[in-house]
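**Q** Counting from 1 along the sequence shown, just add 2 to a position and that's the residue number in the numbering used here. First, the structure itself, so that you have it in front of you.
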Amino acid sequence: MNIPDQPDIPYQKLQEIIENAFNGLKIFNILETSLELGIFDKLKQPVNLDNLSKKIKIDKVLSFYLVEALLKIGLIEKEGDLYKNSKLGQLYLTSDSAYSRINSMLSLKENAELWNNLNNTLQGNLKKKEESFFPKIIQVMAEDCVVGELQDTIDLISSYEDFYKYKRLLDLAGGHGMYSIAFSKINPDLECNVFDLPEVLVETRKYIKNYNAEVNTIPGNFYEDDFAGTYDIIFSSYNPGGKNPEIAKKIYNSLNLSGLFINKQYFPVNENFTLEEVLDNLEWNFTNFEKSMKGESRYSFQGDLSFEEYIKFLEDLGFDILDIHSLSHLNPSFGTFSKNKIIIAKKVR
Ligand SMILES: C[S@@+](CC[C@H](N)C(=O)[O-])C[C@H]1O[C@@H](n2cnc3c(N)ncnc32)[C@H](O)[C@@H]1O
């Protein structure tokens with residue numbers, strides 16, 4: 003190396019990557035900490051810096067830069083010397099909003115820890131517990147779906163004329179039960195039943211009560227138990243068994259003739275990954291619990307069929323595929339964005 007010579011490739015190229023990444027980390031931590039400090043709840047009404055700093059018990063200079071950062075990213079506004087939430091912050095980051103994203107945002111902290119200790123994580127040294135996973139994740143998924151995906155899904159399904167003729171629906175692996183709650187609201191004559199693991203249904207019942215809905219719960223394990231009767235519609239959203247042939251067979255056996263199987267599912271595409279998909283797939287593989295039988299790419303499990311194989315399997319069982327809709331949505335629980343499909347299949351024989 004001849005010290006007066008510039009490097010062949012400008013260092014700026016690398017610096018940009020590092021700076022973007024590190025700024026992302028800083029903003030992520032500002033968001034998480036602001037939620038933990040309850041800043042957005044405190045900024046529902048205009049507050050000056052002095053008062054805010056006292057309320058959150060953080061030094062005034064530090065408070066100033068914290069709120070200025072939130073101001074720059076558009077989550078709060080400033081008028082004179084008063085700060086208050088922007089419309090975006092107010093709708094999604096206050097604890098009493100129906101569209102609150104707080105559980106979802108705070109849940110990312112657990113994943114952030116795995117990334118912050120990446121070397122350890124890659125060695126498989128995890129503290130995460132499988133047992134508490136589903137009861138916790140469904141609270142996040144309830145928040146995820148209610149900001150758009152649930153409404154899109156319900157609009158689509160209720161646009162099928164037969165929807166209002168059907169009498170009994172099963173929401174298989176329904177988790178929070180929000181889809182059943184919505185179905186029961188738009189069609190009070192439809193008996194809606196959420197099937198899920200017993201420990202998850204404890205949470206489901208809270209949602210049913212909160213929304214004052216008429217929805218039943220059926221405890222069970224879909225790998226081992228039957229689905230408690232027959233149904234006119236079996237709806238299933240991000241069911242871990244939603245690409246599995248054995249579960250498809252059980253669904254077929256539990257549907258009445260002319261009944262609908264509606265399966266909203268992510269089918270992995272295993273080529274031309276974007277950077278985001280690579281990161282999501284890496285994260286999916288951080289936690290490979292024995293019981294969960296995960297596959298190698300995000301939201302896939304051992305024994306899953308590919309999209310084409312699954313469709314063929316349904317047709318061979320006796321389904322007519324009425325439609326396949328695309329539904330792309332932000333899905334923070336399972337990666338940033340997923341291109342999902344809604345398969346509408348009718349049992350014809
Ligand atoms: C990704 S969540 C989907 C929740 C909801 N359907 C939605 O779309 O937001 C998967 C659901 O499958 C349930 N589940 C996983 N394994 C199950 C099993 N063996 N039997 C019954 N439910 C199961 C989980 O408890 C969880 O509620």
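C-beta atoms are modelled at their ideal positions from N, C-alpha and C, and glycine is treated no differently. Note that the coordinates shown come from a computational prediction; the quantities given were computed from them, not determined experimentally.
What does DSSP give as the partner residues of CYS147 in its beta bridges?
**A** Note: CYS147 sits in no beta bridge, so no partner.
**Q** For PRO48, I'd like the list of residues in its chain whose CB is within less than 8 Å of its CB, leaving aside the five on either flank, ordered along the chain.
**A** Only GLU81, LEU84, TYR85 and LYS86 meet the Cβ criterion.
**Q** Does ligand 1 have a heavy atom nearer than 7 Å to the CB of SER239?
**A** Yes; taking the cut-off as 7 Å, the Cβ of SER239 has a heavy atom of ligand 1 nearer than that.
**Q** Can you determine whether any heavy atom of ligand 1 sits closer than 7 Å to the C-beta of PRO242, and answer yes or no?
**A** Yes; taking the cut-off as 7 Å, the Cβ of PRO242 has a heavy atom of ligand 1 nearer than that.
**Q** Expressed to the nearest angstrom, what Euclidean distance is found between the alpha-carbon atoms of THR377 and PRO190?
**A** Missing from the structure shown is residue 377; the chain here goes from 3 to 351 and no further.
**Q** What separation, rounded to the nearest whole angstrom, lies between the Cα atoms of ASP318 and LYS252?
**A** So the two alpha carbons sit approximately 14 Å from each other.
**Q** For ALA175 versus PRO242, is the C-beta spacing smaller than 8 Å?
**A** Result yes, Cβ atoms of ALA175 and PRO242 sit closer than 8 Å.
**Q** Contact defined as beta carbons within less than 8 Å: I believe SER340 pairs with TYR268. What is the distance between those atoms, to the nearest angstrom?
**A** Yes, they are in contact, since the Cβ atoms of SER340 and TYR268 sit about 5 Å apart, within 8 Å.
**Q** For ASN122, which three-state DSSP category applies?
**A** ASN122 falls in the helix class under three-state DSSP.
**Q** From this set, ASP10, ASN118, GLY26 and SER294, which residue's C-alpha is nearest ASN223's C-alpha?
**A** Selected option, being the one with the closest Cα: SER294.
**Q** Would you mind reading off the limits of the alpha helix (DSSP H) that contains PRO48?
**A** First-last for PRO48: undefined, no H or E at that position.
**Q** Would you tell me roughly how many angstroms separate the C-alpha atoms of MET3 and GLN14, rounded to the nearest one?
**A** For MET3 and GLN14, the distance between alpha carbons rounds to 19 Å.
**Q** For LYS245 versus LEU329, is the C-beta distance shorter than 8 Å?
**A** In this structure, LEU329 does not lie closer than 8 Å to LYS245 by Cβ.
**Q** Examine ligand 1 and report whether any of its heavy atoms sits within less than 7 Å of the Cβ of MET143.
**A** MET143: yes, Cβ under 7 Å from ligand 1.
**Q** Can the beta-carbon of THR206 be found closer than 8 Å to that of GLY177?
**A** Result yes, Cβ atoms of THR206 and GLY177 sit closer than 8 Å.
**Q** Assuming SER260 and ILE236 make a contact with CB atoms under 8 Å, what is their CB distance in whole Å?
**A** Not really, about 13 Å apart at Cβ, beyond 8 Å.
**Q** Could you check where the beta strand (DSSP E) with TYR233 kicks off and where it finishes?
**A** Per DSSP, TYR233 belongs to the beta strand (DSSP E) from 233 to 239.
**Q** Regarding LEU171 and ligand 3, is the C-beta to nearest heavy atom distance less than 7 Å?
**A** No copy of ligand 3 occurs in the structure displayed; its ligands are ligand 1 alone.
**Q** Would you kindly check if the distance between the Cβ of ILE346 and the Cβ of ILE249 is under 8 Å?
**A** Taking 8 Å as the Cβ cut-off, ILE249 and ILE346 do not qualify as a contacting pair.
**Q** Using a Cβ-Cβ cut-off of 6 Å (strictly less than) and excluding sequence neighbours within five positions of ASN50, which residues of its own chain qualify?
**A** Taken in chain order, the residues that qualify are ASP83 and LEU84.
**Q** Ligand 1 and HIS178: does the residue's C-beta get closer than 7 Å to at least one heavy atom of that ligand?
**A** Flag set: Cβ of HIS178 near ligand 1.
**Q** Measuring CA to CA, which of SER106, LEU262, TYR213 and GLY126 is closest to TYR166?
**A** Measuring from the Cα of TYR166, the nearest candidate turns out to be LEU262.
**Q** CA-CA distance, ILE1 and ALA184?
**A** Because residue 1 is not part of the residues shown, which for the chain are 3 to 351, the question remains open.
**Q** Got a sec? Which residues, its chain only, sit under 7 Å from VAL145 by beta carbon, not counting five neighbours each side?
**A** Here residue 145 turns out to be Glu, not Val, going by the sequence shown. Around GLU145: SER102, ARG103, ASN105 and SER106.
**Q** Could you give the first and the last residue of the continuous alpha helix (DSSP H) run that contains TYR213?
**A** Counting along the chain, TYR213 falls outside any alpha helix (DSSP H), and DSSP gives it neither H nor E.
**Q** Helix, strand or coil, according to DSSP, for GLY177 in the structure here?
**A** In this structure, GLY177 counts as coil in the three-state DSSP scheme.
**Q** Reducing DSSP to helix, strand and coil, say where SER182 ends up.
**A** Looking at SER182 - three-state DSSP - the assignment turns out to be helix.
**Q** Please state whether DSSP places PHE66 in a helix, a strand or coil.
**A** Three-state DSSP puts PHE66 in a helix.
**Q** Quick check on DSSP: helix, strand or coil for PRO242?
**A** Reduced to three states, the DSSP call for PRO242 is coil.
**Q** If the criterion is Cβ atoms closer than 8 Å, does the pair MET180 and LEU199 meet it?
**A** No, Cβ-Cβ distance for MET180 and LEU199 is not below 8 Å.
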